[in-house]
Amino acid sequence: MTGTGAGTTDPWEEGAMLRYAIRRILLAVPLLFGLSVLSFGYVRLIPGDPITAMLGVNSNPTVVAQLRERFGLDRPLLNQYGDWLTGMVRGDLGVSFRSQMPISTIIVDRIPATLQLAGAALLVTLLIAIPAGVAAGMRPGSRLDSMITSATLFGLAVPAFFLGSLLMLLLALKLRLVPSQGYVPFADDPAQSLRLTLLPALTLGLAISPYLARLTRSAVVEVAQEPFVPFARAKGLAQRKISIGYVLRNALPSLVAALGLTIASLIAGSIVVEALFNWPGMGRLVVGAVTERDYAMVQALVLIYGALFIVVNLAGELAQGLLDPRVRLS
Amino acid sequence: MTAPAAAILVEQPRVAVRRRAPLRTVVGAALGLLVVVTILLGPWLVGKDPYAINIDNRFAGPGAAHWLGTDELGRDVASRIAHGARSTALIALGAVAIASAIAIPLGVLTGFLGGWLDLVVTRIVDLFFAIPSLLVAIGVVGLFGASLTTTVLALGLSYWPFYTRLVRSAVVGIRSRPYVDAARVLGASRLRVIRTDILTGLTPLVLVQTTVLLGFAILDEAALGFLGLGVQPPQASWGSRLAESREFMLSHPELALVASVPIVVAVFAINLLSDALRDRLDERRVS
Chain A
1 MTGTGAGTTD PWEEGAMLRY AIRRILLAVP LLFGLSVLSF GYVRLIPGDP ITAMLGVNSN
61 PTVVAQLRER FGLDRPLLNQ YGDWLTGMVR GDLGVSFRSQ MPISTIIVDR IPATLQLAGA
121 ALLVTLLIAI PAGVAAGMRP GSRLDSMITS ATLFGLAVPA FFLGSLLMLL LALKLRLVPS
181 QGYVPFADDP AQSLRLTLLP ALTLGLAISP YLARLTRSAV VEVAQEPFVP FARAKGLAQR
241 KISIGYVLRN ALPSLVAALG LTIASLIAGS IVVEALFNWP GMGRLVVGAV TERDYAMVQA
301 LVLIYGALFI VVNLAGELAQ GLLDPRVRLS
Chain B
331 MTAPAAAILV EQPRVAVRRR APLRTVVGAA LGLLVVVTIL LGPWLVGKDP YAINIDNRFA
391 GPGAAHWLGT DELGRDVASR IAHGARSTAL IALGAVAIAS AIAIPLGVLT GFLGGWLDLV
451 VTRIVDLFFA IPSLLVAIGV VGLFGASLTT TVLALGLSYW PFYTRLVRSA VVGIRSRPYV
511 DAARVLGASR LRVIRTDILT GLTPLVLVQT TVLLGFAILD EAALGFLGLG VQPPQASWGS
571 RLAESREFML SHPELALVAS VPIVVAVFAI NLLSDALRDR LDERRVS
């Protein structure tokens with residue numbers, strides 16, 4: 001366990017970290033490329049063609065042909081893909097089949113709301129899940145561990161919309177502590193914006209806490225079984241100091257990886273929570289686009305969500321490499 | 331929920347000293363029995379038509395006539411939940427069947443044979459892994475339109491990448507065990523090794539994974555239903571019941587809460603049972 005601390009050795013020394021970072025980034029590139037093919041192929045998978053699917057079988061063939069031409073759907077597939085790829089690199093995701101507005105503009109409008117919700121929810125999760133996971137993992141098999149494990153098993157069974165409706169009923173409708181629904185941009189009215197964020201963020205944060213708590217517990221259990229823990233105890237170190245200074249410190253690289261996985265739950269959860277609280281983020285955009293059969297929009301959003309997840313996990317892997325020499329040297 | 335998140339239900343490290351009271355298992359079994367009884371006998375026990383509309387008697391409270399009250403159209407809520415349990419169970423079983431039908435053969439072949447097939451499939455799985463599974467499901471619904479059949483397909487297709495990865499890594503582990511080498515040395519064909527050694531070794535994982543995925547499928551059916559992308563009202567399912575109650579979220583929040591309770595009970599029971607099952611099978615493997 002020596003030399004695990006980033007503070008004791010410079011991770012950038014001897015170029016190991018740089019080589020590790022380049023290798024990780026190079027692995028992400030084909031993944032992003034594959035994602036672009038997948039999201040492009042998605043619209044072409046639609047039985048018949050996307051315009052007919054959107055307008056219905058009895059739509060006017062002339063209108064369909066016009067729209068196909070307008071969106072470039074009548075051109076050879078390879079050309080379409082080329083345009084889609086070059087457009088994407090320039091930040092142009094095409095035009096919405098429904099509103100005919102540039103998709104990039106629509107999505108950029110929605111990003112602040114989703115980020116605000118996700119960020120606040122992540123904060124709630126970190127405050128609940130990390131302490132719970134550490135407490136359970138430090139003494140596996142104890143009464144406290146058993147209680148926390150039962151609680152996470154129950155928490156995993158509670159859907160976000162149930163939790164959200166319950167919180168809305170209690171905190172907003174009965175106690176009238178917070179507004180039940182709505183969204184105000186942070187820049188317009190910070191105080192009101194935060195008040196409105198509270199309920200959805202609490203819902204989403206509580207909903208994904210069991211996942212992170214379980215991941216934290218397994219990371220901590222693994223480290224707590226190392227011989228240095230009883231040794232530290234034998235030396236007379238305080239439990240607090242062992243938990244935070246040694247166990248948590250050594251579990252940190254796995255925790256960072258766990259956090260990357262939690263982002264996927266956060267994204268999935270945000271789609272539901274945004275629907276519940278009428279939160280105008282990207283999640284509502286996805287559901288709306290699928291309901292309205294706006295395939296260009298669905299395609300763009302699949303790409304954005306996928307790219308987001310790949311980038312977050314890349315960042316997690318890089319942080320892991322910085323924190324743990326065993327990772328970057330492997 | 332999401333595919334990577336599903337991993338945490340199966341990948342908790344085992345602790346040798348853990349001696350856990352069977353209380354959790356008992357609770358899980360009791361709740362599980364309740365759910366099974368609801369699915370099998372519920373509609374008969376309630377004995378009401380889940381589609382009979384009575385506008386004069388909407389939003390009635392619980393009572394002798396309607397055990398759980400009536401909904402926004404005056405339909406019997408208990409009956410809708412009991413009938414919905416059947417659709418939801420059908421969807422969950424169908425989704426797990428589809429995911430297993432893809433993941434088990436694919437995971438066994440790639441894990442056992444390796445080579446270029448393994449490389450290609452692993453890359454494709456990695457790619458699907460980048461998309462949250464609920465989003466994959468939403469995408470499938472976008473292709474085929476929301477319905478009960480689409481929900482089964484959408485959920486099945488959103489679970490296979492994670493499941494394939496799990497099966498593949500288990501097979502890689504089993505393949506390197508001494509008894510597999512022994513079988514090969516004794517002249518067993520590849521097919522025989524797969525049938526007798528690999529598939530047998532895989533059984534605990536498949537059993538645990540089936541229960542875990544059933545829980546996820548129930549939650550995701552409900553989530554899709556809630557978003558209006560699952561089973562479409564008026565057809566009864568736990569998800570569609572949520573979609574219906576959502577419109578009355580602010581005026582009659584109790585409808586949404588009552589609609590969620592069976593989901594929580596069923597998934598909690600499944601989680602407890604899969605946890606117990608995993609402990610049990612782990613013990614057996616050690617001894």
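If you read the protein sequences in the order shown, they are chains A and B.
Each step along the first sequence adds one to the number in this note's numbering, with nothing skipped, and position 248 is 248.
Plus 330 on top of the position in the second sequence (first one is 1) and you've got this note's numbering.
Here a beta-carbon is modelled for each residue, glycine too, at the ideal position from N, C-alpha and C.
{"Asked": "Check: GLU69/A C-beta below 8 Å from any heavy atom of the ligand GTP", "Found": "Looking at this structure, you won't find the ligand GTP or any other ligand, since it has none at all."}
{"Asked": "Neighbour flag for PHE389/B against chain A, beta carbons, 9 Å", "Found": "no"}
{"Asked": "Among THR291/A, GLY281/A, PHE33/A, SER59/A, nearest to VAL108/A - alpha-carbon criterion", "Found": "GLY281/A"}
{"Asked": "Close Cβ partners of ALA113/A (< 7 Å) along its chain, the five nearest in sequence each way excluded", "Found": "TYR183, TRP279, PRO280, GLY281"}
{"Asked": "C-alpha distance - THR368/B paired with ALA566/B, whole-angstrom precision", "Found": "14 Å"}
{"Asked": "Inter-residue CB distance, ARG576/B and ILE411/B (contact presumed, cutoff 8 Å)", "Found": "Not quite, the Cβ-Cβ distance comes to about 16 Å (not below 8 Å), so this is no contact."}
{"Asked": "Classification of MET138/A by the beta-carbon crowding that lies within 10 angstroms, buried from 16 upward", "Found": "buried"}
{"Asked": "For HIS413/B, the first and last residue of its enclosing alpha helix (DSSP H)", "Found": "407–443"}
{"Asked": "Per-residue burial, THR149/A [other beta carbons within 10 Å of its own, 16 or more giving buried]", "Found": "buried"}
{"Asked": "Partners in chain A for PRO618/B, counting only beta-carbon separations shorter than 8 Å", "Found": "Residue 618/B is absent from the model: chain B starts at 331 and stops at 617."}
{"Asked": "Within-9 Å CB hit, PRO491/B to chain A", "Found": "no"}
{"Asked": "Top-ranked residue by Cα proximity to LEU535/B, from GLY414/B, VAL497/B, VAL515/B", "Found": "VAL497/B"}
{"Asked": "Contact list for the segment 585–611 of chain B against chain A, Cβ threshold 7 Å", "Found": "ALA586, LEU587, SER590, ILE593, VAL594, VAL597, PHE598, ASN601, LEU602, ASP605"}
{"Asked": "Distance CB(PHE492/B)-CB(LEU483/B) smaller than 9 Å", "Found": "no"}
{"Asked": "VAL95/A - DSSP class collapsed to helix/strand/coil", "Found": "strand"}
{"Asked": "Closest by C-alpha distance to PRO380/B, when choosing among VAL365/B, GLY399/B, GLY362/B", "Found": "GLY399/B"}
{"Asked": "Nearest to THR533/B (by Cα), restricted to the options VAL515/B, LEU554/B, PRO563/B, ALA500/B", "Found": "ALA500/B"}
{"Asked": "Own chain, CB closer than 7 Å to GLU192/A, minus 5 neighbours either side, in chain order", "Found": "Note on identity: in this sequence residue 192/A is Gln, with Glu being the wrong assignment. Cβ neighbours of GLN192/A beyond the five flanking positions: VAL184."}
{"Asked": "Contact with chain B by PRO280/A, beta-carbon distance below 9 Å", "Found": "no"}
{"Asked": "PRO380/B, DSSP secondary structure in three states", "Found": "coil"}
{"Asked": "9 Å Cβ cutoff met for ALA213/A and THR152/A", "Found": "yes"}
{"Asked": "Ordered list of alpha helix (DSSP H) runs contained in the segment 154–210 of chain A, each at least 4 residues", "Found": "160–167"}
{"Asked": "Short CB-CB distance (under 9 Å) between VAL63/A and chain B", "Found": "no"}
{"Asked": "9 Å Cβ cutoff met for THR262/A and ILE208/A", "Found": "yes"}
{"Asked": "The segment 429–441 of chain B touching the segment 230–244 of chain A, judged by at least three CB pairs closer than 8 Å", "Found": "no"}
{"Asked": "For GLN539/B and ARG70/A, the rounded distance between their alpha carbons", "Found": "47 Å"}
{"Asked": "Distance between LEU285/A and ALA216/A (C-alpha atoms, nearest Å)", "Found": "A quick correction: the sequence has Thr, not Ala, at residue 216/A. Looking at the two C-alpha atoms, the distance is approximately 32 Å."}
{"Asked": "Below-9 Å beta-carbon distance, ILE107/A vs any chain B residue", "Found": "no"}
{"Asked": "Near-chain B residues of the segment 31–50 of chain A (beta-carbon distance less than 8 Å), N- to C-terminal order", "Found": "LEU31, GLY34, LEU35, LEU38, TYR42, LEU45, ILE46, PRO47"}
{"Asked": "Between the CA atoms of LEU163/A and GLN80/A - distance to the nearest angstrom", "Found": "44 Å"}
{"Asked": "Cross-chain neighbours of PHE578/B in chain A, by beta carbon under 7 Å", "Found": "Within 7 Å Cβ-Cβ: nothing; PHE578/B doesn't reach chain A, min ~11 Å."}
{"Asked": "Proximal residues of chain B, C-beta to C-beta of VAL302/A below 7 Å", "Found": "ILE461, LEU465, GLY469"}
{"Asked": "Under 8 Å (Cβ pairs) to chain A, residues found in the segment 532–558 of chain B", "Found": "GLY545, LEU549, ALA552, ALA553, PHE556, LEU557, GLY558"}
{"Asked": "Sub-9 Å separation of TYR305/A and PRO592/B beta-carbons", "Found": "no"}
{"Asked": "Whole-Å CB distance - ALA359/B paired with LEU585/B, under 8 Å assumed", "Found": "Incorrect: roughly 30 Å between the Cβ atoms, too far for contact."}
{"Asked": "Euclidean distance between Cα positions of ARG328/A and ALA16/A", "Found": "7 Å"}
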